[in-house]
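Trainee: To start, I am sharing the structure in question, which I have written as structure tokens.
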Amino acid sequence: MEYTILILLLPFVSFLLLGLAGMKLRPAVAGAIGTAVLAVVAVLCYATAWEYFAAGRDASGVFPTLVPWNTVWLPIAGDLHIDLGVLLDPISVMMLVVISTVSLMVHIYSLGYMKGERGFQRYYAFLSLFTMSMMGLVVATNIFQMYLFWELVGVSSYLLIGFYYTKPAAIAASKKAFIVTRFADLGFLIGILVYGYYAGTFTFTPAAATLAAAGTMIPLALGLMFVGGAGKSAMFPLHIWLPDAMEGPTPVSALIHAATMVVAGVYLVARMFPLFIGYAPEVLHWTAWIGAFTALYAAVVACVQSDIKRVLAFSTISQIGFMIVALGVCTSDDPHTGGLGYMASMFHLFTHAMFKALLFLGAGAIIHAVHSNEMSAMGGLRRYMPLTHATFLVACLAIAGIWPFSGFFSKDEILTACFAFSPVVGWVMTAIAGLTAFYMFRLYYGIFWGRENRELHAAHTPHEAPLTMTLPLLVLAAVTCVAGFIPFGEFVSSDGLAYTIHIDGSVATISLCVAVAGIALATWMYARREQPVADRLAERFSGLHRAAYHRFYIDEIYQFITHRVIFACISTPIAWFDRHVVDGFLNLLASATNGAACLIREMQSGSVQRYCIWFLGGALGLTILILLIC
Amino acid sequence: MIKMEYYLVVSTILMFVGIYGFVTRRNLLAMLISVELILNSVDINFVVFNRFLFPGQLEGFFFTLFAIGVSAAETAVAIAIIINIYRNIRNIEVKNLREMKW
């Protein structure tokens, strides 16, 4: 399966071609090249998945971990070396399929969405770069390669958020995203170094003896790695960059900030899962609490946002919280006794990538039609855009967890795992699932039903998107409808053995009831033209409403801490020290030299007669000196 | 007979007069004459030391004759230079010789 290296190389070649020669190509040609390369990559990914899973399990009943391509890139000392390679195991193959599918859909969609934009070729170059880095991240053979590609996805995310570089908001958002994730990656890097030092290797499978000897350092390393993952996956309190990242083009939000890059943190925890479960279960449970809090926080905030992309951004944060919780509630690596969450998390990652990409692409089609992100410009769009309406509804039902859409199955597994861990977590997550259904249908009704902005629509009649944009919607909607029936446990499970998913009747009933209740509430409050209940509630709880609308002032707190505390109390004194003490010392040296030069400059007059006097004086002085001494 | 010290005193005075003239005069010809005075004082020293300390030998006299010859040649060169300077800037004051200073 050596051809798997092409999955990384082809998008890279396409990136170089479009990045270096892109401006010489016509936009349509550049888009066609990028999309064609991605189509080839997608075919390669499907072939890899087919071949990998068709090859079957080995004697011990697990899918073997293959390394079809590997090279020592940076030998450090002894056994410690950094490799670059391709590692295939069930979760990396699953991720390859997810990334290539969503990426291909986004490439096709962007042909329509980005048509006529300035820098169309650059856009496709960045998309190729992102795809390459994300693929490299998931097939990493060791934690350091993962880190390298991790940073590369960060860079491509930065470049794409700031794609409209003439917009100040986009520039600020791209900087914010880069700095926040970079700050979190500092923890990741320290974690990797600690891990490399104590485990003696950067691979994912160190010797058990060295791990046992390392004691508490391994949990520390894993905890620090999770900090990096939390930054990338927008866990509270490092989530602040993701809502702002919506300043980028909408297909980019779909690809990077919903389906693939932001789940890198989940993937990281899943990748390190054997170590977490074996050596640091308490760290794993901490991540569950962080994930649960993030899911709750984001769901509450999503209920009151008016920008449709922000609602989707917070819903993404909330869903990633679900995945992290599912991983965190694992207590063993046997899916039958406490290890179900691993499979549930990966399953949810898979289904979420599809329906969230669908939601974002649908939102892109809507924005394309009404030229605004605000819900106030929408309402009643179902009559103008029937196709978008239908696919968006499918995605909403999936994320709300309604049978038979894919979200139902994966969310049900997550809730089952949560209930198995602790009823408290189970009920909290069930409540958040209900909240999810509520805010998604608030969004749905706000866009397609509810108060229609008739003046705006009369002035500019919204129209259905072109085929390049609706085709990806239809494909993703079809996937969303059937993905739930994939026997996911047959492919991915915490111990690698086949696991048959069975729906827990009571949990499924509870989650369905809660989801239906959420939808019903949203229908009651938001479906009609007049929305007295919603307005009255917003008025009654105006403080809470305003706080949630401002995302509970987390950004303001960051602003306060960075500007008033860090900048004012730490950075300013350090800057003062640098300018006045460090620079001052060097300036002193320079000015002392300069002053001495001014003093003796008089002697270098160029007048021979004056030299003669100096010479004579010196000779006389020496003579007197010698006479005195002798 | 005149003692050696008297000759040396004359030579010393001659030399310091020459130095004084060299550092104070601003005229190239005057400076040249001052240099000649210094040279002459050295010549006197040579002769006197030869005459009083090494009476049977002639090295001092030869040095003196040699120095006179060299100084004559040097004077010829210097005066040629001074004439050229005069042709260029129409005087021979040192303070006006700035052409090649910077």
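These protein sequences, in sequence, are chains R and B.
Here this note's numbering is used: the first residue of the first sequence is 644, the next is one more, and so on.
Here this note's numbering is used: the first residue of the second sequence is 31, the next is one more, and so on.
Heads up, the beta-carbon is just placed ideally off N, CA and C, and yes, glycines get one too.
1. Alpha helix (DSSP H) containing Met687/R: first to last residue?
2. Starting from the C-beta of Leu1140/R, find all residues in its chain whose C-beta is less than 7 Å away, skip the five residues before and the five after it, and write them out in chain order.
3. Output, in chain order, the set of chain B residues within a Cβ distance shorter than 9 Å of Leu1259/R.
4. Looking only at its own chain, which residues have a Cβ that is under 7 Å from the Cβ of Val947/R, when we skip the five neighbours before and after it?
5. Of all the CB atoms in chain B, is at least one closer than 7 Å to the CB of Cys1241/R?
6. What are the boundary residues of the beta strand (DSSP E) that includes Asp828/R?
7. Please report the distance separating the alpha-carbon of Arg1194/R from that of Phe1003/R.
8. If you run the structure through DSSP and keep just helix, strand and coil, what is Asp976/R?
9. Quick one: grab the DSSP three-state call for Asp1221/R.
10. Quick one: Cα of Ile112/B to Cα of Leu58/B, how far?
11. Give the straight-line distance between the Cα atoms of Ala816/R and Gly1069/R, rounded to the nearest whole angstrom.
12. With distances taken between CB atoms, is the gap from Ser753/R to Val684/R smaller than 7 Å?
13. DSSP has Trp712/R in a bridge; who is on the other side?
14. Taking 7 Å as the limit between beta carbons, can you name the residues of its chain near Val77/B, skipping five residues before and five after?
15. Let me check understanding here. Comparing Cα to Cα, which of Thr1034/R, His1145/R, Val1150/R and Ile1075/R lies closest to Leu1119/R?
16. Pull up the DSSP beta-bridge partners for His724/R, would you.
17. So which residues of chain B does Cys1281/R contact, with C-beta pairs closer than 8 Å?
18. Answer with yes or no whether the minimum CB distance from Gln1252/R to chain B is below 7 Å.
19. Spatial neighbours of Arg55/B within its chain, please: CB distance less than 6 Å, with the 5 preceding and 5 following residues excluded, ordered by chain position.
20. If I follow the unbroken alpha helix (DSSP H) through Cys1241/R, where does it start and stop?
21. For the alpha helix (DSSP H) containing Phe869/R, list its first residue and its last residue.
22. Report yes if the CB atom of Val870/R is closer than 7 Å to the CB atom of Ala827/R, and no otherwise.
23. Please list the terminal residues of the continuous alpha helix (DSSP H) segment that includes Ala907/R.
24. Asn118/B bridges to which residues according to DSSP?
25. Answer yes or no: do Phe658/R and Leu772/R have a C-beta to C-beta separation smaller than 7 Å?
26. Quick one: give me the first and last residue of the alpha helix (DSSP H) that Tyr1169/R is part of.
27. Return helix, strand or coil for Asp1055/R, following the three-state DSSP convention.
28. If Met878/R sits next to Gly908/R, beta carbons under 8 Å apart, how far is it from one beta carbon to the other, in whole angstroms?
29. Whole angstroms are fine: how far does the CA of Leu88/B sit from the CA of Gly1261/R?
30. Between Ser958/R, Pro880/R and Glu1133/R, which lies nearest to His995/R when the distance is taken from Cα to Cα?
31. Opposite Asp950/R in the DSSP bridges: which residues?
32. Please list, in chain order, all residues of the same chain as Asp977/R whose beta carbon is under 6 Å from its beta carbon, the five residues on each side excluded.
33. Assuming Leu681/R contacts Ser746/R under a Cβ cut-off of 8 Å, what Cβ separation, rounded to an integer in Å, is found between them?
34. I'd like to know whether the C-beta atoms of Val1157/R and Cys1061/R end up nearer to each other than 7 Å.
35. Per DSSP, Thr846/R is paired with what?
Mentor: The structure says:
1. The amino acid at residue 687/R is misidentified as Met; the sequence shows Leu. Per DSSP, Leu687/R belongs to the alpha helix (DSSP H) from Pro670 to Ala697.
2. Take Leu1140/R, set aside five residues on each side of it, and the residues of its chain with a beta-carbon closer than 7 Å to its own are Gly704 and Val705, in chain order.
3. Under the 9 Å cutoff, chain B gives Ile49 and Val53.
4. His1188, Ala1191 and Tyr1192
5. no
6. Run containing Asp828/R: none in the beta strand (DSSP E); it sits in the alpha helix (DSSP H), Pro811 to Ala842.
7. Cα to Cα, the separation comes out at about 21 Å.
8. Three-state DSSP puts Asp976/R in coil, outside helix and strand.
9. When secondary structure is reduced to three states using DSSP, Asp1221/R falls in the helix class.
10. 7 Å
11. Using only the alpha carbons, I get a separation of about 35 Å.
12. no
13. Val729/R
14. Gly90, Phe91 and Thr94
15. Thr1034/R
16. For His724/R, which the question treats as bridged, DSSP gives the partners Pro718/R.
17. As displayed, chain R neither begins before 644 nor continues past 1273, which places residue 1281/R out of reach and without an answer.
18. yes
19. Met61
20. Boundaries of the alpha helix (DSSP H) harbouring Cys1241/R: Asp1226 to Arg1244, taken from the DSSP string.
21. Met860 to Lys875
22. yes
23. Ala907 to Arg914
24. None, per the DSSP bridge assignment.
25. yes
26. Gly1148 to Tyr1169
27. helix
28. 7 Å
29. The alpha-carbon atoms of Gly1261/R and Leu88/B are separated by roughly 34 Å.
30. The option with the nearest alpha carbon to His995/R is Ser958/R.
31. Partner(s): Glu1017/R.
32. Asp1138
33. So it is a contact: roughly 6 Å between Cβ atoms.
34. no
35. Asn785/R
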